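As structure tokens, the structure follows; a few thoughts come after it.
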Amino acid sequence: MDYNLNLLVSEIDDLRNELYKLLLNNSLTDDKVVTYSQKLDKLLVEYHNARKLLKKAS
């Protein structure tokens, strides 16, 4: 896997874990939960787009 994809996967895993921890003690509408969720969504889209580009290149 490409280095950038590995980095994205690592960041996604970290954010996902933090989001799960936040959800244990906070509601879905908590500002911090919303912020982490938005960051995770952005990274997932970035990962998806990078995978598509990688497939096109090969």
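276 is the number of the first residue of the sequence shown in the working numbering; add one for each residue after it.
Ideal Cβ positions, reconstructed from N, Cα and C, are used throughout, including at glycine.
Predicted model, so just to flag it, every value in this text is computed and none were measured.
Supposed close pair residue i, residue j - CB separation, criterion 8 Å
i	j	result
L329	L280	7 Å
A332	L283	Not a contact, Cβ separation roughly 16 Å.
Y311	E293	6 Å
Per-residue DSSP class, three states only, for residue i
i	result
T304	coil
D288	helix
D277	coil
S333	coil
Whole-angstrom distance between residue j and residue i, CA atom to CA atom
i	j	result
K296	D305	13 Å
D289	K307	15 Å
K327	R291	22 Å
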